[in-house]
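**Q** Chains as they are written, first to last, in our numbering: chain A, 1351 to 1682; chain B, 1351 to 1682.
#1: Please list the partners that residue 1379/A has in chain B, where partner means a Cβ-to-Cβ separation under 8 Å.
#2: Tell me whether residue 1515/A is buried or exposed, calling it buried when 16 or more other Cβ atoms sit within 10 Å of its Cβ.
#3: Give the straight-line distance between the Cα atoms of residue 1354/A and residue 1528/B, rounded to the nearest whole angstrom.
#4: If you measure beta-carbon to beta-carbon, which residues of the region 1517-1528 of chain A are closer than 8 Å to chain B?
#5: Residues of chain A with CB under 7 Å from residue 1655/B, in chain order?
#6: Report the neighbours of residue 1440/A on chain B: residues whose CB is nearer than 7 Å to its CB, in chain order.
#7: If you draw a straight line from the alpha carbon of residue 1372/A to that of residue 1661/B, how long is it in whole angstroms?
#8: Quick one: list the residues of chain B neighbouring residue 1340/A, beta-carbon separation under 7 Å, in chain order.
#9: Can you find a CB in chain A that lies within less than 8 Å of the CB of residue 1638/B?
#10: Looking only at its chain, what residues have a beta carbon closer than 8 Å to the beta carbon of residue 1540/A, apart from the 5 residues adjacent to it on each side?
#11: May I ask you to list the residues that DSSP assigns as paired with residue 1485/B?
#12: For the region 1650-1679 of chain A, which residues have a beta carbon sitting closer than 9 Å to at least one beta carbon of chain B?
#13: Whose C-alpha, out of 1401/A, 1417/A, 1388/A, is nearest the C-alpha of residue 1407/A?
#14: Under 8 Å, Cβ to Cβ, is there at least one residue of chain A near residue 1551/B?
#15: Per the DSSP calculation, residue 1517/A is bridged to which residue(s)?
#16: Counting pairs of Cβ atoms below 8 Å between the region 1651-1669 of chain A and the region 1602-1612 of chain A, do you hit three or more?
#17: If residue 1364/B sits next to residue 1577/B, beta carbons under 8 Å apart, how far is it from one beta carbon to the other, in whole angstroms?
#18: Would you be able to state if there are at least three C-beta pairs under 8 Å between the region 1434-1447 of chain A and the region 1463-1474 of chain A?
#19: Pair every Cβ in the region 1621-1636 of chain B with every Cβ in the region 1386-1396 of chain B, then say whether three or more of these pairs are closer than 8 Å.
#20: Helix, strand or coil: which one does DSSP assign to residue 1394/B?
#21: How would you list, in chain order, the residues of chain B whose beta-carbon sits under 8 Å from the beta-carbon of residue 1557/A?
#22: What three-state label does DSSP hand residue 1506/B in the structure shown?
#23: Check the C-beta distance from residue 1508/A over to residue 1626/A and give it rounded, since I have them as a contact under 8 Å.
#24: Quick check on this structure: which residue in 1597/B, 1542/B, 1517/B has the alpha carbon closest to the alpha carbon of residue 1657/A?
#25: How far does the alpha helix (DSSP H) with residue 1552/A in it reach, from first residue to last?
#26: Once you ignore the five residues that flank residue 1494/B on each side, which residues in its own chain have a CB closer than 7 Å to its CB?
#27: Could you tell me whether the region 1617-1625 of chain B touches the region 1481-1490 of chain B, where touching means 3 or more Cβ pairs closer than 8 Å?
#28: With distances taken between CB atoms, is the gap from residue 1676/A to residue 1475/A smaller than 8 Å?
#29: Report the partner residues of residue 1442/B according to the DSSP bridge assignment.
#30: Helix, strand or coil: how does DSSP classify residue 1365/B here?
#31: Have a look at 1501/B, 1526/B, 1644/B and flag the residue whose alpha-carbon is nearest the alpha-carbon of residue 1519/B.
#32: Quick one: list the residues of chain B neighbouring residue 1450/A, beta-carbon separation under 7 Å, in chain order.
#33: Residue 1404/A and residue 1425/A: beta carbons closer than 8 Å?
#34: Using only the alpha-carbon positions, how far apart do residue 1374/B and residue 1428/A sit?
#35: Can you tell me whether DSSP reads residue 1528/B as helix, strand or coil?
#36: Measuring only between beta-carbons, confirm whether residue 1581/A sits less than 8 Å from chain B.
Written out as structure tokens, the structure reads:
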């Protein structure tokens, strides 16, 4: 019989198939063919095809917006939201709206079209994460922005439209619904127990052991108790810290190492699937300081979201997390 | 510049591209090839391949579980939840779980493998909707079930695994998160304004006119002000009624006609896309009687959900609803 499990932060229920679980070979394999390499705006030498760089890691002797870089941050040429203007919220009959103020940046992780995050050197990956932090810290100074979301879409099934390896950063004029729910769930738990739910979750994972995949000095990676997707992985810092962009340098490098390791394990186990990862962080406020705990959620895209999920907010997961953790842990 | 719009019931924000909108030709076309027609358990003559029929529309002279039917309801052979047993909620460390009690039924809409809902006669479609209602009414008598969800997945991108046209019904031991949010949003509105938000929305649609696609005596179909997906359509009954399964016979037939018409318009405009539709109804309680208003949400699957949507709960829609309504309205 299937189990119903409650995700402890937002209270989402998931149906986990424990009787007849899927294995890694039961999912459709997605081909990733590189087709856009001519005139790719993110490639070495094509720097003039993007808006000017906002931030960069480059050879000291080279000029901005020329070759010689290893990580490059630019404004999205087709932004979902626009940086200029004042926020103007207003009504329209019974409806509410606002002009689309925000920032939409792209962190180009490598100058090479055929490289993915797992091909980067540890130091290169560390530079990428450093840029996530420095851009978030810079944008949050703008008083119009209430939340900075950092996320990556890899592969077509995960919604990637450009194939050259990149991460996106969107600054929003309001704290989005999903973040609000998580913050509230963690606050409710804190009010009741006077403890951070994520710190408690780490403790529980150490007790249960079976869902832990790997860990290092500063981070632990596990398959969550009530995942939405098969082979979902969370990376959580061991130190209580609500704000992603307040990581210490040592933590940045440890995160880079662990994230690269996990992405590699997912790639090997599941034949290079599409995936999303999302940095979950508190806004830079005081209210969530004790109760929230930033972390990364990695969601391989092996199945399709269907009517049941859209209608309920429940998810059906065909492999229990202790088994997906085992597959990922055993990768050599 | 894009517009930010707030969905009035649950407060979800969507980013609507009003400056440079997509048209129907800008979405990828998905092929639907029929491959599973041999030994399809839902086909005429293969009745013994499914669990026994629970409900049926069939020729009076024919026997159960033989040919001679036009709509057939059976238990799902691979149910997400199981009907036998008592609900047993319990803790597991800091986590909460339950055994997977529920019902999972399939409404086979036609005996013919190559037919879809839009190929049915009006009377046949009416029989399908009647079975949705009668099954929901029957299952809700079981005190273990708190909510009945009826939904359809058409096409691979919408998560359909069997290609023979069918609808699914799942009875759940708890009111799911998404339904709970909608009920609460509608109740909050009612408490503030002493009016049903859906009744107000119908009134607003008549004022604004531009998002209405079609209507008949009992129903109105429009593109919602803040859709999650391009070409999303809502069908709302004109009469305030919280419970889908309390429709009158006349309403059942009018819904069948309007839903068929809308599905046909979507098929023609968007080259037969995958879609989900979901019946949104209140549980059979007193609490939501005045504030909630059942309806159908139809979501063509033209785009992929990516990291931004997963991270925020915001959606980016590349065509504003007044334009998608216009395209659908103008279908001959």
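Built from N, CA and C at the ideal position, the CB exists for glycine as well. Treat the numbers as computed from the prediction; the structure is a model and nothing was measured.
**A** Reading it off the structure:
#1: None at all; the shortest Cβ gap to chain B is about 15 Å.
#2: Burial check for residue 1515/A: the Cβ neighbour count within 10 Å reaches 16 or more, so the residue is buried.
#3: Near 16 Å, if we compare the C-alpha coordinates of residue 1528/B and residue 1354/A.
#4: Cβ contacts with chain B come from 1518, 1520, 1522, 1523, 1524, 1526, 1527, 1528.
#5: Listed along chain A are 1509, 1655, each with a C-beta nearer than 7 Å to that of residue 1655/B.
#6: Under a criterion of Cβ atoms nearer than 7 Å, no residue of chain B is adjacent to residue 1440/A; the nearest Cβ is some 11 Å distant.
#7: C-alpha separation (whole angstroms): 26 Å.
#8: No answer is possible for residue 1340/A: the residues shown for chain A start at 1351 and end at 1682.
#9: Look at residue 1638/B: its C-beta is not under 8 Å from any C-beta on chain A.
#10: Correct list, in chain order: 1546, 1547, 1640, 1641.
#11: Paired residues: none, contrary to the question.
#12: Contact annotation: in the region 1650-1679 of chain A, residues whose CB is within less than 9 Å of a CB in chain B are 1651, 1653, 1654, 1655, 1656, 1657, 1658, 1659, 1660, 1661, 1662, 1663, 1664, 1666.
#13: With distances taken between Cα atoms, residue 1407/A lies closest to 1417/A.
#14: At a cut-off of 8 Å between C-beta atoms, residue 1551/B counts as an interface residue with respect to chain A.
#15: In the DSSP output, where bridge partners are listed per residue, residue 1517/A has 1457/A.
#16: Contact between the region 1651-1669 of chain A and the region 1602-1612 of chain A is absent: fewer than 3 CB-CB pairs across the two stretches fall below 8 Å.
#17: Indeed, because the Cβ distance is near 7 Å, the residues count as touching under 8 Å.
#18: Cβ pair count under 8 Å is below three, so no.
#19: At 8 Å Cβ cutoff, the stretches do not touch.
#20: Three-state result, residue 1394/B: coil.
#21: Within chain B, the residues near residue 1557/A are 1443.
#22: In this structure, residue 1506/B counts as helix in the three-state DSSP scheme.
#23: Residue 1508/A to residue 1626/A, Cβ: 5 Å. Contact.
#24: It is 1517/B.
#25: Where residue 1552/A is concerned, the enclosing alpha helix (DSSP H) stretches over 1547-1558.
#26: 1437, 1451, 1523.
#27: Result no; under three Cβ-Cβ pairs closer than 8 Å.
#28: The answer is no: Cβ separation not under 8 Å.
#29: In DSSP, residue 1442/B forms a bridge with 1445/B.
#30: Note: residue 1365/B maps to strand in three-state DSSP.
#31: Of the listed residues, the one whose Cα sits closest to residue 1519/B is 1501/B.
#32: Chain B residues near residue 1450/A: 1351, 1352, 1353, 1354, 1365.
#33: Between residue 1404/A and residue 1425/A, the CB-CB gap stays under 8 Å.
#34: So the alpha carbons of these two residues sit roughly 20 Å apart.
#35: Looking at residue 1528/B - three-state DSSP - the assignment turns out to be helix.
#36: Under the Cβ distance rule, residue 1581/A does not count among the residues neighbouring chain B, no pair being separated by less than 8 Å.
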